[in-house]
Structure formats: C-alpha cells, structure tokens
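Below: one structure, written as structure tokens.
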Amino acid sequence: MKLPSAYNPGDYEADIYASWEKSGVFQADPGSPKKHFSISMPPPNETGTLHLGSALFLVLQDILARHNRQTGYDVLWLPGTDHAALATNALVEKQLAEQGIDRHQLGREAFIEKVKQFSSQNRGRMLEQMRAMGAGPDWSRLRYTMDDALNRCVNEVFVKMYDDGLIYRGSRIVNWDPQLKTTVSDDEVVHKEEQGTFYTLQYGPFQIGTARPETKFGDKYVVMHPEDERYKQYRHGDTFEAEWINGPVKATVIKDEAVDPAFGTGVMTITPWHDHTDFEIAERHGLEKEQIIGFDGRLLPIAGEFAGQKIAEARPKIVEKLQAKGLLVKTDEHYTHNLALNDRGKGLIEPQIKLQWFVDVNRPAVQWKGQLRSLREVMHAVIEDGDIKIVPKRFEKIYFHWIDNLRDWCISRQIWWGHRIPVWYKDEEIYAGVRPPEGQGWTQDPDTLDTWFSSALWTWSTLVKPELAADFSLSLEDLLRLSPDFQTYHPTSVMETGWDILFFWVARMILATTYATGQVPFKTVYLHGLVRTEDGKKMSKSNPEAIIDPLEVISQYGTDALRLALVSGVSAGNDMRVGLSKIIDNRNFCNKLWNIARYIEGAAGDADGQTPEPKTPADHWILDKLSILTGAQRRNLDNFKFSEAYQDLYHFVWDDLADWYIEAAKAEPNAGLLKYVLGGSLILAHPFAPFITETLWQQLGYAKAGLLAAQPLPAVLQADKAEVAKFEDIKQIVSLARRWSKAIGSDTLVYHDSELLDQAAPLVKRLGRVGKFDKTTEAAGLRLPIEGYEIFISANKDKGRAYLEKIGGEKAGTESLINNLKVRLNNENYINSAPPELVQESREQLEAQYQKLKLLDEETRMVSDWVSR
RNA sequence: GGGAUUGUAGCUCAGUUGGCUAGAGCGCCUCGUUUACACCGAGGAUGUCGGGGGUUCGAGUCCCUCCAAUCCCACCA
4 MKLPSAYNPG DYEADIYASW EKSGVFQADP GSPKKHFSIS MPPPNETGTL HLGSALFLVL
64 QDILARHNRQ TGYDVLWLPG TDHAALATNA LVEKQLAEQG IDRHQLGREA FIEKVKQFSS
124 QNRGRMLEQM RAMGAGPDWS RLRYTMDDAL NRCVNEVFVK MYDDGLIYRG SRIVNWDPQL
184 KTTVSDDEVV HKEEQGTFYT LQYGPFQIGT ARPETKFGDK YVVMHPEDER YKQYRHGDTF
244 EAEWINGPVK ATVIKDEAVD PAFGTGVMTI TPWHDHTDFE IAERHGLEKE QIIGFDGRLL
304 PIAGEFAGQK IAEARPKIVE KLQAKGLLVK TDEHYTHNLA LNDRGKGLIE PQIKLQWFVD
364 VNRPAVQWKG QLRSLREVMH AVIEDGDIKI VPKRFEKIYF HWIDNLRDWC ISRQIWWGHR
424 IPVWYKDEEI YAGVRPPEGQ GWTQDPDTLD TWFSSALWTW STLVKPELAA DFSLSLEDLL
484 RLSPDFQTYH PTSVMETGWD ILFFWVARMI LATTYATGQV PFKTVYLHGL VRTEDGKKMS
544 KSNPEAIIDP LEVISQYGTD ALRLALVSGV SAGNDMRVGL SKIIDNRNFC NKLWNIARYI
604 EGAAGDADGQ TPEPKTPADH WILDKLSILT GAQRRNLDNF KFSEAYQDLY HFVWDDLADW
664 YIEAAKAEPN AGLLKYVLGG SLILAHPFAP FITETLWQQL GYAKAGLLAA QPLPAVLQAD
724 KAEVAKFEDI KQIVSLARRW SKAIGSDTLV YHDSELLDQA APLVKRLGRV GKFDKTTEAA
784 GLRLPIEGYE IFISANKDKG RAYLEKIGGE KAGTESLINN LKVRLNNENY INSAPPELVQ
844 ESREQLEAQY QKLKLLDEET RMVSDWVSR
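Sequential numbering from 4 applies to the first sequence in this note's numbering.
Below is the structure:
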C-alpha cells in the first residue's frame, strides 16, 4: 500500500469513524476492573445545527475521553440532546404561524406531535454532525431529556421537593413575555440600553418621574426615603386627594428605603403589579396591587378610554392627556434606561404577578453533611468545601456572587413543549405525584417545567437504568441504588462546558443533584470560552460571512484540521478567535504527519517496530524525546492544558521527529526504530487528530495490535543519557556548520581528533550540508566557536573578514552575559538570599561563558593576524 | 453602582510557586526544486512585556495607582 502524496481527509474519515463505532471502543464497561472516568456531554438543543461552539466542546471532551482511555481508564462519555422547551416551542409556533396556524387551534396533543417531528429531524442531523467531528461518546447510552426514564426522574424530584416544601405555588411577580406568552426565569432576562423619554408628572403635591406613564393608572401610593428632609412634613400613612389621569384618586404616603433621594425628585409612585422593586415595596408594607396591563400586552379596563390599546400606541395619547390636564411638568428626551428582553426571541419583558410554581432556595430542608441546610447553602458549601473544583478558579467568585443574589426560581412555563408539571387539581384539592391520581375529575396543571429543571438532573438521570425507571414500585432511591451506571460513574469526573451557562446549568445541576442524590454531580468543572471570529467579534447570525460552518471546513480541510485549530490557543475561561488561516495552518500539520508516515512507509514499511532497539545517538535521543512528550502529555491533559499539550506534540513531530530524527535516519537508518517512534507519535497525536492518525495506523500495518483508538500510551523509557548528550552535541555542531558556512560562503570543514566525530562525520556532513568534513591534524581555517571540539572551516582572507564581523557579534553577546553574571555574583545579598543551587548554577554559567570568550578571543586574534598579514 | 478578565514581536497567543540573554505559530527578509512533504527545508530581522510607583539580591510574573479594551451582575421610578 503506497500512500498518496497529500492527505485527503474525505477519502478516509467516514470509514474510520464507522470502524471505531463498530469495534465498541467507545463503549463504557461498568464491570471493568479498571478505574472509571466519566463525562456527561452537555446536551445540545435540538433546535438546529451544530456550530463552531459545539465543535469546541465536542473536541475538548473527545480529547479527554480518548486521553483517559489511553491512560488506562474505563471511560464513559455519555451523549445526549436537550428538548430545549422554550426555544423549540417558539420555533415550531413560528413555523405554524407562517402557515397561519395558532397552536391553540391545533390543540395540545397535535402541537406536541409537530414538535416531536421537528425535534427528531434535527436530532438525527445533529448526531451525524457529532460523528463528523470525530466525537466518540458511548452511543449505546444516548439519552434525551424527554426520555421516559428522565421524565420519571423529573417527576420524582418535583414531588420530593414539593413534599419537602421546597416547591411551592404562589402569586409573585414574574418576568412575563407577552410575545411568547410565558414566564421566564431571572437568568433568561437580558438588558439592552435604550434612549427614551423621562416624564415628570404632578401627583397631588408631589412631582414624580416615570418612563412608563401607561402603567400609572392605578397608582395610589407615593413613596419616599424615610430620611429625606424635603418631605419630612409627610408621615408614613398620610393620605391625600390628587387629580390623576382619569379623575381624582386617594393616595397614601409610604416611606421606604428603596427610594434613592438623589434620583429625580426623590419621590415616586409605585406599580406593584408590573415592577419588581415596586412589588417588593408593596409586599413590605402590605399594599394593594392592581393589574394594569393584560397578559396580551394590552391595557385593561382600569385604563378607561385607553383600555384595549397596546402600550406603544397608548403611551403618546396618555402623555397628551396628562399635558392637557396640566399634569405634565416636563419631559426629558435624553434618558437612557435598560429594556428587559427575553433572551430567547428577544421579546420585551412585562413583569406581571402570576400564580406560578417556584423553588424555594432559602428553606432549610436539605440534608447535607449531617446538617439541614437550604439549597442555597448547599450550593455554596460544595464549592467552599472543595467538593467541586471550578477551572479556572476565578469563576468561583462569580458563582458565589450569583448565589448571594439568588431569588426563588420560577420553574413553571406556559408552553406545551416540555415536562408537564406533575400536579393535579380537583376543586380545592391539590395532588402532586409521579403518576396521575386515582379517581375521576382531576385536571393536570397545564404548565410545563423550565428546561433547566430537567437539565439540572442530567449527570444522573441519564445513568438510571431505563428498565428500572419503568417500574413504579421502586422509589427514587431504589432507582439510583440498583442502576449500575449510577453506582459506577456518579459523581462524574468532569463537567466540561462554556462559562456562559454557569448559572443556567452548572449551578442548577449542583442544586438539584446534591438534593436528590446526596452527591455532587461532578468533581471538576472545566469552563471553556466562546469561539469568536478572527477579528474578535461574536459569531452571530447578523454577520453571516464571519460564521465558520464546521461542516464546510471539514469537507474542505478535514476534521482534524478543525479540531487542532480549536485546541491551539484554547485556555480555560477565555474566549478564543478562530479564522480560516488558523485552520489552514493546522491542516499543514496534518499533512506533515502524513508525509512523515509516507517516508517511514518507504524506509521501514516492513519493520515490525514493536520494541525499540536504539543503536545510534539519534535513536537514543528521539526515544528520550518521545518519553518526555508522553509524560508531558499526561500532565498537561490531566490538568486541562489542551493547548500546551498540543504545542508540545507539534514541536516533537515537526522539529524533533521530522527535522532532526528522520534527517539523521537517512544517514543511519534504523527501520525498527522509525516504525516504533512513528507508532508512538500516532498514539500521542490521536486524541487531537483522531482521523489521520487512525488512518495511518491502519495503512502502515500497525493494526495487528488493534485500532489506534484502543491503544495505551507508549511506555516511558529510561534514556541512556550519554548517548542522548552525544546527539545534542551533533545537533549543535550541525547548526554551527550550517550557520557559518552560510555566513562566510564556504562549505569545506575539517575536525581534529574526536571519537564522536570519527563516528558521526558522515551525519554532520549530510545534515549540515557541507561539501567536505574530514579529519586532520592541522589547524586549517577558521575555528568554529564550540567547546570540546576543534572544527575548522576553510576560508580565504575575505571570508576571514566576514568571519571576524560575525564573531564580533557573538563576542559582544557573551561579554554582556558575563557582565550580568558578574554583577549578580558580586552582590552579597544574592549570594546570601538566593537558593544555593541557583548561585552555583550562576557560577558554572560564568565559568562556561569565560571559556567561550577565551575561545572567541584566541580565535579573533589568530584570524585578525592572518587577515592583516 | 458592584465584580471579573485582558493588555508581551506586524497578527494570534505561551510564559507554571518571582530566577539563564523573554518564547511559539503565522507574517516579513535571504537562500535552497537534497529521491516524505513548496501544505517543504536552511538561515535571518523584529519586543522601553500598556504607563508610573513600590516590595525584592532579582519583577513579564507580587503589591499600589493610572490608562485602554472586553465581559458579567445589579438597576433608579
């Protein structure tokens, strides 16, 4: 089998992937005597296609999985997809709307059918894309957040929390999206700055400010800071009559510290139904709350003549009326304020009071380490106690800050797609249960759960054995106890995900998993950054030409080039830039690897290369390098230093193996060793570039030992230091020979008595590209500045002058270094305070530099004598 | 308003608990079609490590301060 001269990934990738999948190498084995390593794949939303960000997490996790398999673990990387309730629901509604259909016309069941069709189409495509990226999770354990077993777990946790009083139903202010007609959680609200108008209105004796006059109809409380001197004649609870938009109202004075005396007039009226702060003030003082805006975003009858109008159209009319009544004091057109938008769909959020389901984060109802604590306290403790480590560490601070500001989590959504709330009503009765209640007349709550409620269980709900979950005689504890996967793989070893879902997901997994299982969901969280465009912008749909489609890149440059581009320069918690040039650079690396293999195929194709038998100094040297790389790779990847691991590999392959060892091996071939070193290199490169390495492994006949994907790391060998040092000397001599022959334009060299050079002269001649390199007893030409060897390059007087010039530069460098070292060693404080080894090292360096300078001096003197003669 | 991150060669970034003359890749310049590779090889140039101050025998690394950029959280009617 002869390899073609360039690697064409498309010819191999699909077959290679199929061979992995067929072999079962990705499959975890809970019964294995090996140690276990587990990662839950963050399930991508079943809403579309995978993008470069998905490619990043797939690659990093795949590297972890393959690497840990190589180091001797039984690895479970569990794949799955997320039903993405709100996003999917919205997409399907939109598709229906384009056909002029409303989901209510369709009915709940038919709508859900539609969503399921849509999702399963996307799912199939996404799973194929994961394969295209080379990801090798355990497909036999593929999970979906809407699987029956996972649904069971959702219900179990809901009911358990309900019974413990951690889930309650209450009328509280929520973020309502009138467009999608559902609530969203605090974390799903994003703010966008906008220029607006700020109105100052006359309200009885007070002037109040507002940016939203349309909410003011029902206002009957004026609030001011208790310490505000300007209003000290008014007392809390005082009442007064005021002429207002639609006639006179009776108003009450409220004193509350939430008011900032420095803002506007220091007085405001409140609208508790439509503002979070106002709601809290009203709660504190037991004030009445009234709805002004309907859930459809239109004004209610309280608005009088404006009832039924949308806010945008009503606002100017209301202002007009206020002005006509002389209640408008002034307007400020240059007022910047923040609009609250739904992160999904970007609809304007209208706070509303609604009867919703909440998770109470403050109730001490969780047993954790022998103490009854609140969810919030447990979330804090697991990080504080080091049960979970976050990489990079700085995110711990961000996480704590989030927890400190955490409010109860609104978990009910008014959409149809998702896990339906397992609560039934009959008259005044409420029943919460994993299964529907017995008897007639029960109606299930129409709402579904926040997507993140089910994703919060992901690390363990996916490990519950589905057959057991179908048996309702078992309790949640039984399910966990009897599921081998849960017993073996939980807590999972690593959670690898983006920092952007630290709150949405990571924190909620901690919340739900500690509560439901008594275990942390994972021991380490590694957070990667966002993938940005080459000029540092976000890849967004509004800027399509900057978007890199992974599949397109794969078909053009190969999966491995994309994977390497994503790994190179990646670091924990930091965003990274990826452009086409980076992908091309890494394609070149793949090609280099390919051509190394091509050479070795020709030079050592038949050698078996099972055991290394080093003969020459170069052989010892490359084995030493390979061993060093093996150790470094373990250290790097065990500490999530993906980029460093790749850099080391890159330099080993390109510099050590291709540029030095193979070139050396052309003079002194050792077929078995070439084959061995290539095999080791393929193993080490495999986690990063699985396709090309596996292709070469099979094409070059290594496959007798099985698939590359199943190989352990190469053995770390004890180097023969003396032989290694010999090759280091040879390298140095070769570099000097190249440099000097180029600098002075002469390629004839000789050397004096040297055992090593007697042996290595042909090698030096070849690598240094010198025309002649013979042994002699006379000083013949200019001496190269290297200690321990006397090597001369022949030259005429002109060339001697060039030599002097160049050696002058070398001397200057040496002198400045000597000077630095002298200053350091003359400093008593340095001698006394620095570690003795370091001082000793400095002394040795100084000595070596003196030797070198002496050599350069002698040489300079001799050459200048000769040149000037 | 609170907090985080980043600032090192033209560009993208490494630089471990402070310790050799600050590195890599790309780009640039010179040379080279040596039977694996021009998606290549050899050689070369390029840095007041954002500014200032401090601690130290020694600072790209630690502390203070300022400047610039990015982001997160909160939110004021």
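Idealized CB from N, CA, C, for every residue including glycine.
| Check | Outcome |
| --- | --- |
| Buried or exposed for K258, please, with buried defined as at least 16 other CB atoms from any protein chain shown within 10 angstroms of its CB. | buried |
| Would S571 and N589 qualify as a contact pair, given that the criterion is a beta-carbon distance under 8 angstroms? | yes |
| Classify W360 as helix, strand or coil using the three-state DSSP reduction. | strand |
| Quick one: is P553 buried, meaning 16 or more other Cβ sit within 10 Å of its Cβ, or exposed? | buried |
| Check E432 in the structure and name its three-state DSSP category. | strand |
| So, do the stretch 98-113 and the stretch 67-83 have three or more beta carbon pairs nearer to each other than 8 angstroms? | no |
| Using the three-state DSSP reduction, which class does K778 fall into: helix, strand or coil? | strand |
| Is it right to say E844 is buried, meaning 16 or more other beta carbons lie within 10 angstroms of its own, or is it exposed? | exposed |
| Flag this pair as yes or no: are the beta carbons of I513 and L452 separated by less than 8 angstroms? | no |
| Mind checking who I301 pairs with in its DSSP beta bridge? | The sequence given here has Arg at residue 301, not Ile. Answer is K313. |
| Just to check my reading of the structure: L3 and I789 have Cβ atoms closer than 8 angstroms, yes? What is that Cβ distance to the nearest angstrom? | The structure shown does not extend to residue 3, since the chain spans only 4 to 872, so no value can be given for it. |
| Keeping to the same chain, check which residues put their C-beta closer than 6 angstroms to that of T779; ignore five residues upstream and five downstream. | V753 |
| Between the stretch 390-399 and the stretch 214-232, can you find at least three pairs of beta-carbon atoms closer than 8 angstroms? | no |
| Under 8 angstroms between the Cβ atoms of L204 and L331? | yes |
| Between H228 and V256, how many whole angstroms is the CB-CB distance? I'm expecting something under 8 angstroms. | Contact flag wrong, Cβ pair sits at about 12 angstroms. |
| Using only alpha-carbon positions, find the residue among A783, L785, F506 and A740 that is nearest to A764. | A740 |
| Which class does L145 belong to by DSSP, given the choice of helix, strand or coil? | coil |
| Starting from F209, trace the beta strand (DSSP E) in both directions and tell me its first and last residue. | F209 to T213 |
| Throw me the rounded Cβ distance for the L55 and V581 pair, which I believe falls under 8 angstroms. | 6 angstroms |
| May I have a chain-ordered list of the beta strand (DSSP E) segments no shorter than 3 residues that lie completely inside the stretch 377-408? | 392-394 |
| Can the beta-carbon of D346 be found less than 8 angstroms from the beta-carbon of V192? | yes |
| In this structure, does DSSP put G784 in helix, strand or coil? | coil |
| Where DSSP assigns a beta bridge to G199, which residues make up the other side? | Y338 |
| Give the secondary structure of H70 by DSSP, where H, G and I count as helix, E and B as strand, and everything else as coil. | helix |
| Counting pairs of beta carbons, one from the stretch 349-368 and one from the stretch 232-248, are three or more of them closer than 8 angstroms? | no |
| If distances are taken between C-alpha atoms only, which option among A472, P354 and V381 comes closest to V187? | P354 |
| Indicate the three-state DSSP secondary structure (helix, strand or coil) for N158 in the structure shown. | helix |
| Specify, as a first and last residue, the run of the alpha helix (DSSP H) that N799 falls within. | Careful: N799 lies outside any alpha helix (DSSP H) and carries neither H nor E. |
| Cβ atoms of P487 and Q522: under 8 angstroms apart, would you say? | no |
| Among L820, S57, Y206 and D662, which one has its Cα closest to the Cα of M136? | S57 |
| Pop quiz: G501 and L533 are said to be a contact at Cβ under 8 angstroms. What is the actual Cβ separation, rounded to whole angstroms? | 7 angstroms |
| In three-state terms, what does DSSP make of A87? | coil |
| Look at the alpha carbon of A677 and the alpha carbon of A607, and state the distance between them as a whole number of angstroms. | According to the sequence provided, residue 677 is Leu. The question's Ala does not apply to it. C-alpha separation (whole angstroms): 7 angstroms. |
| Residues in the same chain with beta-carbon distance under 8 angstroms from Y602, minus the five sequence neighbours each way, listed in chain order, please. | I665 |
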